[in-house]
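Novice:
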Amino acid sequence: MRRQLSKVCFSATTQIHSLCRLVHTSVRCSSAITLPLHIVHDAYSGPSTTVASQKNSKDIIQKEKLSALMEVLSCETRSYSRVWSCYVDFMNYAECDDLPLEVHQAVLRRCVPGAYTLRAWTARRMQAGQASRIPHHFEARLKTVMRNIRATGADATLDDYHVVLHQFAAVGHYTGAMQVLTELTHVCKLDPEAKTFGLCLKAIAHRLSLPIYKVHREDMLADASKLCRKLLKEMSARDMPLTSFNLDLVIRILKEVLDQEGFFQLMKLGYGIDLDYPDHPPLQGSSMLSPFSTAALNTTLDMLGRLGNVAKLVQTFEVLTQPLPPQASQHYSQEFDDEDDFGIANPASTEPHLTPHARPNTTSYNILLKHISRAGHATFARHYLYQAVRLDRSVDRLLRSQLYRDPHGTLAPHFSLNRGTIIPVFGEANRDKNIELMRWVGWVTRQTIRRKKNDIAWYSELRDSLPPPLSPSEPTSCSSSSSSPPDVSTALDVDLDTPSTAPEFHPREKIFDINLHLNILQKNLDELVTWYENHYEVAFSRVTQRVKERLGRRVWAGKNIYLLSNNARVIVPRNAWMRIVNFKQGKTGLSGDHGGRIMRNGWVAGYKGFRAPRPQPLQFFDPSSMS
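At position 598 of the sequence shown the residue is numbered 606 (the working numbering), and the sequence of numbers has no breaks.
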């Protein structure tokens, strides 16, 4: 036992000596060194010197952050992510009062992407199935900047709130838009303008145009209708006129919620159009009427089409696109008036009246043909498709003549035949198994494809021969602006596309861009060719095959069928029927050169189409099985 204790003590002593060797200790000694007086003074005043140096370093960093922020704001090609990063870096070293109000306002406009960019980005994400769970991706940034503006002691202006509303309207965030409207009217005590209400209406209308889940659709439509009526009531309480821009948005909202009574009443008061009698002035109208635009025409056609009244839809389209001259009301027949109606005729009944009208575009014809075809009116569908084909050619001829006279001052065309114009008519023919209409639609498609190819070739040659337009002056680069003192005034120049005084507002006409026109032609051509080869040929061959099978069964049963060539129902022999329907008897096998597909038991289906034969979805009727 004693030996074990001695061993433990010896090991502990060894470890202590090893630790002492690792930790070197010297002999304790004292020494005196004479220091200068100013060094001794600085040593005793150390804390105050440290605070001063820290303050100086903080000021230097703050100036550097401010310089970086002002530089990125003054750049022509500034990035919203870079602006926000510099703004956050500066606010980490400073207070809200250290930054001028103008800089906060500039950051508010530049820390998020533009409204058009954000709208396109959101649409691409929704199309890819990656819709964001939050209404606005950068809402937190806008709230932070507005909070910092209020922290400076200054009040945000109405233009600042318009910037936020414009962002919310671009993505359809109508809940946030209504909250902003409540804040600026009740908290900041600002008087809203027509633009303010227009941006709120724009947010509601844009959200209704986006995809909505079925379980949320009824609630969202009810909220949209309630908020729209609330905005209209508030505008009426402020005695604010309904501008043309806001009127277009309101009728779009009423169209989505299918408020027929409100829609018809608003058309009378806003545009002076009585949809029950569109060629007559309304009995109760307003003295201040808004101009009837193409967008309002498309909304009206879509509303009437959703209601299912095809007769009123066609009547409205004809009256609002091709109105009678103003003097036509003076030539109304009076011979059916009551004979006992004596006295002087009312001059108001004979005064000239010009019906509000607008020029239809591609969307107008697409909407019209969509609702007519869904209602099953094949005659109307064929008529308006033929009218669209003629309009496409007349617009192209007019465009070519204008380009010959003024290549760089020609206005952009308003109509171009595309796939969306043809598909509704083909859908109606396919549902009714109308082979004649399907065959005519195929002919129209082939003609359109040929003309699109010719147009692309002609405009390509014209583009190569045109002199280049005068290029605008090059914008100043970021490097050149960094040498001069930064100017933040350019960052505040934000052009919102919502007009504040819409009665005097007229949309700017678009100048013809030959590169854009060629891109549209090529896109329309690719869509038409793809649809014709992958959908039209398959559907047409399937319908033709089923009709041949149905009539073939009657022929093999000895029953009569109707032949257009004889204009009567006749009994057709089997051999004659085989020649009529282009059935050919071939070899039973996969070998052999022939123009059709080998069917069961050696029957070959002849094919005459736009391109090479393709496999049919179903097999043709085999007459030999009936013998």
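Glycine included, C-beta positions come from ideal geometry on N, C-alpha and C.
#1: What are the partner residues of residue 576, as DSSP defines its beta bridges?
#2: Assess contact between the segment 298-312 and the segment 258-277, defined as three or more Cβ pairs (one per stretch) separated by less than 8 angstroms. Is contact present?
#3: Applying the 10 Å Cβ sphere with the 16-neighbour rule, what's the burial state of residue 140?
#4: Please look up how many angstroms separate the CB atoms of residue 157 and residue 112, rounded, as I've assumed it's under 8 angstroms.
#5: Taking the alpha carbon of residue 460 as the reference point, which residue from 427, 220, 431, 227 has its own alpha carbon closest?
#6: Since residue 259 sits in a beta bridge, which residues does DSSP pair it with?
#7: Give the secondary structure of residue 464 by DSSP, where H, G and I count as helix, E and B as strand, and everything else as coil.
#8: Looking at the unbroken alpha helix (DSSP H) that takes in residue 251, where does it start and where does it end?
#9: With DSSP collapsed to three states, give me the class of residue 419.
#10: Are the segment 373-392 and the segment 439-452 touching by the rule of at least three beta carbon pairs closer than 8 angstroms?
#11: Please name the residue or residues paired with residue 519 in a DSSP beta bridge.
#12: I think residue 568 touches residue 579, with their Cβ atoms under 8 angstroms apart; what is that distance to the nearest whole Å?
#13: On the DSSP letters alone, give me the boundaries of the alpha helix (DSSP H) that residue 384 sits inside.
#14: Whole angstroms is fine: what's the gap from residue 537's alpha carbon to residue 463's?
#15: Assign residue 404 to buried or exposed, taking buried as 16 or more other Cβ atoms, counted over all protein chains shown, within 10 Å of its Cβ.
#16: Fully enclosed by the segment 275-327, which alpha helix (DSSP H) runs are 4 residues long or longer?
#17: Tell me the residue span of the alpha helix (DSSP H) that contains residue 560.
#18: Please state the DSSP three-state secondary structure of residue 98.
#19: Near residue 438, what residues of its chain come up, given a Cβ to Cβ distance below 6 angstroms and the 5 sequence neighbours on each side ignored?
#20: Quick one: using the 10 Å Cβ neighbour count with 16 as the cut-off for buried, is residue 545 buried or exposed?
#21: Any idea if residue 224 is buried or exposed, counting beta-carbon neighbours within 10 angstroms, 16 or more meaning buried?
#22: Cα-Cα, which of 317, 271, 419, 329 is closest to residue 6?
#23: Count Cβ pairs between the segment 247-254 and the segment 200-207 that sit closer than 8 angstroms; are there 3 or more?
#24: Assuming contact is defined by CB atoms lying nearer than 9 angstroms, are residue 171 and residue 216 in contact in what I supplied?
#25: Mind checking which residues open and close the alpha helix (DSSP H) that includes residue 175?
#26: Counting C-beta neighbours from all protein chains within 10 Å, is the total for residue 570 16 or more, i.e. buried, or is it exposed?
#27: Within 10 angstroms of its Cβ, does residue 133 collect 16 or more other Cβ (buried), or is it exposed?
#28: Between which two residues does the alpha helix (DSSP H) harbouring residue 87 extend?
#29: Just mark residue 611 as buried or exposed, buried being the case when its beta carbon has 16 or more other beta carbons within 10 Å.
#30: What do you get for residue 574, buried or exposed, if any count of 16 or more other CB atoms within 10 angstroms of its CB means buried?
#31: Three-state secondary structure (DSSP) at residue 591?
#32: Can you tell me where the alpha helix (DSSP H) with residue 182 in it begins and where it stops?
#33: Tell me the rounded alpha-carbon separation between residue 400 and residue 144.
#34: To the nearest angstrom, how far is it from the Cα of residue 127 to the Cα of residue 549?
#35: On the criterion of 16 or more Cβ atoms from any shown chain inside 10 Å, does residue 519 qualify as buried, or is it exposed?
#36: Should residue 424 be labelled buried (16 or more other beta-carbon atoms within 10 Å of its own) or exposed?
Specialist: Answer, in terms of the structure:
#1: 571
#2: yes
#3: exposed
#4: 5 angstroms
#5: 427
#6: In DSSP, residue 259 forms no bridge with anything.
#7: helix
#8: Careful: residue 251 lies outside any alpha helix (DSSP H) and carries neither H nor E.
#9: strand
#10: yes
#11: 419
#12: 5 angstroms
#13: Careful: residue 384 lies outside any alpha helix (DSSP H) and carries neither H nor E.
#14: 15 angstroms
#15: buried
#16: 302-315
#17: 545-564
#18: helix
#19: 547
#20: buried
#21: exposed
#22: Because the chain here runs from 9 to 635, residue 6 falls outside it and cannot be looked at.
#23: yes
#24: no
#25: 166-179
#26: exposed
#27: exposed
#28: Where residue 87 is concerned, there is no enclosing alpha helix (DSSP H), given that its DSSP letter is neither H nor E.
#29: Only weak support exists for where residue 611 lies, its pLDDT of 42 falling under 50; the value from the coordinates is given anyway. Residue 611 comes out buried.
#30: exposed
#31: strand
#32: 182-190
#33: 40 angstroms
#34: 42 angstroms
#35: exposed
#36: buried
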